[in-house]
Every structure is written in structure tokens, then in C-alpha cells.
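In UniProt numbering, the protein residues as written are 1 to 629.
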């Protein structure tokens, strides 16, 4: 019986270890994938490691992650140890109260702590960036150090320090030569926990950073929005670094213990992190205070951009910085609504890249300034289709960045063109495709699909029509059992995992370039014709530099780099002709060329009341989908 229990326990342990480590092994293997897919291995290659090393954003994120972690660990370890020692000599009531206060940050949801830090920095008008991230990390690491040190202090003889001083030691000597060596294991474990918490943190870092400063967690989160196998490469690098650190932590003390006396181990165990801190400080000074080329026209200036993640070509920023001498600081938003909150709170940026309906909103509310026609040299290079859009008729406030449509990406071996032409968006209710469709997790896009399927305008404010669209979507999720996804549709459809799905044109262009069996269809009943454009906030600090960047990224070379890398349609007419023409990246891929001749295609018009109604109804649709599955 006992042998059977032991065997069963071993099996459970093996399964638990496999459950934890197999995903890591999977990630490491796919970091060497030659293809761009995150699920299909096409051959061995180091291309994504090369891409990682060439990416300044990823290298800076790695630098930020470990510098913040090391500095926060050292400071929080010193402060937490001193606080724990002092607390051990306090009255019981004070000690009990402080223990509860110390436990609260660890039990408190991280999102609450993050918002608290954010509001604190906003209230005291502290500019968010590296310093605010470091302060926040120090603050949330201290309780973990104290929690590790306190049990070791409690296990000490309370008369130990007095005995040392009776033998002639000073209070400082009693602390450093008697108390600290005895509690070194607790200090060391507290430091390791603090380091781990800092490296791992995403939520607090996301809310307290600014000025383009990002740690690895933020960068990986941003990259995960679109297919980028460099995620695997940089994650593998972190695994290797952590493994080396763990080996050093376990092996070095053992080697030192053989050569050093026991009372010196505690002191010398901090030599390695001390040297690391010194190296970090030197590197920080070299990076931050290195000489810049003062001969360039915008040397010393910083262009602050707020835009969607993974939405810019690889060479744009490095080449712009080389040409102008300016530094480009980029922050990313997940949605236009998130961007609006920061803009409405008067956070300062020099350039925004929002969508059409949000441009209309922030323009009407006075958060944008008019562009200076004398500083814009790019307008003649743009296609007429992106000029004078309905939300900015004279292009007074905006210059197009990308544009496209929302349509149906489908597997031509499973879905007939005749079905698509006959049914349009109603094909998402055709039961022959039950369980074989994707819906996009976007209230605007999903309701656009339903409204167009019913023959309504996607900008309707009619409550009955909105209710009809809601009923259409509920019927769809209940009978068709779709998978509701976001950007994972890109890789999944490239692998042909479903018959059809709702998809943005740029993503469909990539899918079609990866899988020749995939097609893209725009229903004749109309769809969303969208524009993402560059605008300058009213409180921008470097207006002339923002105009310079607009001209730069709209020029042929960088519009080409931008569009070929991201996959969305360029506003530059020459680039459109090149990429969609013979030999181009998107030759014979109809998703790359937005439809401009269908009068039923519409641009979203912002209406806050309708947006709230649609948001509430979409939440109910997702509940219905969960219940159906």
C-alpha cells in the first residue's frame, strides 16, 4: 500500500513538473523556428535571435528590467533588513500593527496597488519614467524582504547583541558582526524574492512608467498583440540568464564556504550583487549621459509618440534618430479608449496615432492642434483615397498612417465564393460552418458585422436596430459556437484551423501571404473602411519635430518599410503600387488594397451614447457565448 502511494506521488510530481516545464521547452524550441508561425515549426534558424539583438526596444527593455531589479533588490534588502531589526526591538503593539501594515501590500490586488502608485505620482506631478518605476519596485519589494527576515530575527537569542557589547563590541559591530551573519539566510532569501518579484512584475510597471521606458514584461505584452517570434527568443534569453544566476547563487557560496571562515560568508555573499550594481551604474551613465552629435538639427530633443503596439517598421525609429539627432520615445496603447483617458488627463505627447472615430472625438473636445501646412511636405505623396476624410475634411488635424477594411478571411478549400457572395456577413450564421468560425472580440467590429448583415448603417443610433443586431449576434454565438478571439486569429487562420473569421485587412494580407489557400472577401452590403492617422496634441512640446516625423514616415522609403513589415496598407501611393504590383510582397493579395468604390462602406462616427449601449450589449453577447459553450 505504502509503495503504491509513493509511486502515485512520484507520478503526480512528474506530471506537475511536466505541466510547468513543457511550455517553457516549447517556447525554447520555437525560438529557433525559421518561420514566423508560433505553432508550426518549419526549420532551424537563429533569425529571431538576430532580430532580438538588433531591436533596440528589446535590448533597452532587457536593460531596464535587470537594472531596476538589481537596484530595487539591493535598496529594498537594506531597508527591509534594517526595518525588521528595528521592529523586533519595538513594543508588541507597534510590532503587531506594523506586521499587519507590512502584509497588506502583499495581499492587496496588484491592480489596486498600481493605480495607487499612478495616482500618487500624478498628484505630486512626478514625471513618470525610469525613476517612478524604480521607486514603485522598491516599495513593493520591501515587504517581501521583511517577511523573510523577521522569522530569522525571532529565532535569535534576544540577549545576543547585549552579550557582544558586554565583550567590548560597539553597537555597529554587534549589528554587522553578530546579528547580520546570523540572519544572512533570511536576508538572502528576501533578496531573491525581491529580485524575482521585480523581474516578473507587469501590472504595477505598466501603470507607473512613462516616457517610453518599458521593462521586459511590458514589451512582451505589447509584442504578443501580433505575431512576433522574437518573443520566444527574448524569453529564452531571460530563462538562460535566470538559470545562470540560480547556478551561481547555489554554487558560489559552496565554493566560498570551503575557503572562507563562517563569519565572513555573510559579508562576502554580497560581493557579486555589489559588483553587478557598480557595473549597472557605469552602464547607465554611459547610456544616459553619453555625448550626442550636436550638429544634427534636432539633437537633444525627444519626440514622444503614443501609438498601438507592433505598428511600426523596424528601421523607422533608428534611421529617424540618426538623421535628426533626436531621441524617439514610444508608448503603446491597447485601445483608442485607453489613449483617450491619458490625453484627457493632459499627459504630454508630441504625436498620437489613433483611429478615425477617436480623432473626431479628441478633435471636437479641443485636445488636438492644427497641423502647419508650411511644415508638411508629404501630402503630395499620399493617395487621394486617404485625403480629406469625413472626420477631418480638410486634413487640418491629421495625416494618414495606415488604412484598410474589415472583412472575412476564409479557407478556400472549405468555403465557396458562391456562399460568400450570396450570404455576405450572414455566412457567420450558416450552420454548415458551425464550430468552425472565429468572431473578433471587438464590440465595434462585431456590431458592424451584424448591422451590415441586417442591411443597417453601422453608425445607426436607432435603438431598435441596435437591438436587432444584438439578437443577430446572440443567435450566432448560440447556434454556431464560434471561438471569440483577438489577434490570435492571425496565426490560427494562417494554419487553416477554422473555415472563416472576421479579420482586419492587414492581418488578412499576412494570412494570405503565409497560406495560399486563404482568401479575403468584402460583402457587397458594405463594411468598415477605417483610417489610423497621425495627429499632434494641443499640449505637444516638440511640434516642429512631430511634423518632421510625419514627413519622414510618409516618404517612400519608410512608408515602404512600415507597410511591408506591418502588413497594413500604406497611404503612400508609390508604396501601394510597389507592394501590390508585380513582384511585390502583396502581389495578387486583394486584402492589401482597400475597396474604395462601394457606397455602402462606412467610416465609424463617434457617438458616446451609442458606444456605451453597444459596449453593454456586447458584454451580454459574450455571456451568451459562454453559456452556449
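We put the beta carbon where it would ideally sit given N, CA and C, even for glycine.
Being a predicted model, the structure only gives us computed values, none of them experimental.
Check whether residue i and residue j have beta carbons under 7 Å apart
{"i": "residue 80", "j": "residue 150", "result": "no"}
{"i": "residue 410", "j": "residue 529", "result": "no"}
{"i": "residue 220", "j": "residue 129", "result": "no"}
{"i": "residue 368", "j": "residue 397", "result": "yes"}
{"i": "residue 73", "j": "residue 216", "result": "no"}
{"i": "residue 571", "j": "residue 386", "result": "yes"}
{"i": "residue 38", "j": "residue 491", "result": "yes"}
{"i": "residue 194", "j": "residue 141", "result": "yes"}
{"i": "residue 564", "j": "residue 585", "result": "yes"}
{"i": "residue 357", "j": "residue 534", "result": "no"}
{"i": "residue 630", "j": "residue 521", "result": "Lying outside 1 to 629, the shown extent of the chain, residue 630 is not represented and no answer is given."}
{"i": "residue 75", "j": "residue 138", "result": "yes"}
{"i": "residue 88", "j": "residue 153", "result": "yes"}
{"i": "residue 515", "j": "residue 538", "result": "no"}
{"i": "residue 567", "j": "residue 496", "result": "no"}
{"i": "residue 449", "j": "residue 425", "result": "yes"}
{"i": "residue 242", "j": "residue 58", "result": "no"}
{"i": "residue 517", "j": "residue 432", "result": "no"}
{"i": "residue 296", "j": "residue 327", "result": "no"}
{"i": "residue 236", "j": "residue 31", "result": "yes"}
{"i": "residue 451", "j": "residue 484", "result": "no"}
{"i": "residue 526", "j": "residue 601", "result": "yes"}
Supposed close pair residue i, residue j - CB separation, criterion 8 Å
{"i": "residue 373", "j": "residue 437", "result": "Not quite, the Cβ-Cβ distance comes to about 47 Å (not below 8 Å), so this is no contact."}
{"i": "residue 209", "j": "residue 132", "result": "7 Å"}
{"i": "residue 545", "j": "residue 349", "result": "Contact doesn't hold; Cβ gap of about 12 Å is too wide."}
{"i": "residue 487", "j": "residue 313", "result": "Actually they do not touch by this definition, with Cβ atoms about 18 Å apart."}
{"i": "residue 391", "j": "residue 341", "result": "At roughly 20 Å, the Cβ-Cβ gap does not stay under 8 Å, so residue 391 and residue 341 are not in contact."}
{"i": "residue 594", "j": "residue 569", "result": "6 Å"}
{"i": "residue 206", "j": "residue 61", "result": "Not a contact, Cβ separation roughly 13 Å."}
{"i": "residue 434", "j": "residue 480", "result": "5 Å"}
{"i": "residue 614", "j": "residue 466", "result": "7 Å"}
{"i": "residue 204", "j": "residue 117", "result": "6 Å"}
{"i": "residue 229", "j": "residue 33", "result": "6 Å"}
Those residues which DSSP pairs with residue i across a bridge
{"i": "residue 327", "result": "302"}
{"i": "residue 503", "result": "407"}
{"i": "residue 532", "result": "355, 402"}
{"i": "residue 332", "result": "307"}
{"i": "residue 602", "result": "528"}
{"i": "residue 572", "result": "382"}
{"i": "residue 44", "result": "33"}
{"i": "residue 537", "result": "368"}
Start and end residues, beta strand (DSSP E) containing residue i
{"i": "residue 439", "result": "437 to 440"}
{"i": "residue 519", "result": "518 to 521"}
{"i": "residue 524", "result": "It is not in any beta strand (DSSP E) - residue 524 carries neither H nor E in the DSSP assignment."}
{"i": "residue 484", "result": "483 to 485"}
Proximity test, residue i beta-carbon vs the ligand COA heavy atom, cut-off 6 Å
{"i": "residue 64", "result": "Within the structure as shown, the ligand COA is missing, as the structure has no ligands at all."}
Residue closest to residue i, alpha-carbon to alpha-carbon, out of the options
{"i": "residue 415", "options": "383, 442, 498, 460", "result": "498"}
{"i": "residue 106", "options": "229, 148, 29, 235", "result": "148"}
{"i": "residue 551", "options": "351, 17, 419", "result": "351"}
{"i": "residue 78", "options": "184, 41, 25, 98", "result": "184"}
{"i": "residue 330", "options": "302, 604, 357, 345", "result": "302"}
{"i": "residue 510", "options": "451, 315, 592, 553", "result": "592"}
{"i": "residue 474", "options": "174, 460, 191, 429", "result": "429"}
{"i": "residue 199", "options": "245, 159, 94, 171", "result": "245"}
{"i": "residue 174", "options": "160, 554, 186", "result": "160"}
{"i": "residue 378", "options": "547, 576, 18, 588", "result": "547"}
{"i": "residue 689", "options": "629, 325, 361", "result": "Lying before the first or after the last residue shown, residue 689 is absent from the chain, which here runs from 1 to 629."}
{"i": "residue 469", "options": "489, 480, 315, 444", "result": "444"}
{"i": "residue 383", "options": "172, 20, 575", "result": "575"}
{"i": "residue 144", "options": "165, 188, 164, 121", "result": "188"}
{"i": "residue 192", "options": "231, 182, 248", "result": "248"}
Residue-level contact to chain D via CB, residue i, 7 Å cutoff
{"i": "residue 211", "result": "Considering every chain present, this structure includes no chain D. It has just one protein chain."}
The alpha helix (DSSP H) enclosing residue i, as first and last residue numbers
{"i": "residue 491", "result": "488 to 494"}
{"i": "residue 391", "result": "Premise fails: residue 391 is in no alpha helix (DSSP H) and is neither H nor E."}
{"i": "residue 419", "result": "417 to 423"}
{"i": "residue 126", "result": "No alpha helix (DSSP H) contains residue 126, which DSSP labels as neither H nor E."}
{"i": "residue 447", "result": "443 to 453"}
{"i": "residue 188", "result": "180 to 200"}
{"i": "residue 463", "result": "463 to 480"}
{"i": "residue 171", "result": "171 to 174"}
{"i": "residue 497", "result": "Segment: none, residue 497 is in no alpha helix (DSSP H) and carries neither H nor E."}
{"i": "residue 457", "result": "Here residue 457 belongs to no alpha helix (DSSP H), and DSSP marks it neither H nor E."}
{"i": "residue 56", "result": "56 to 88"}
{"i": "residue 228", "result": "Per DSSP, residue 228 belongs to no alpha helix (DSSP H) and is neither H nor E."}
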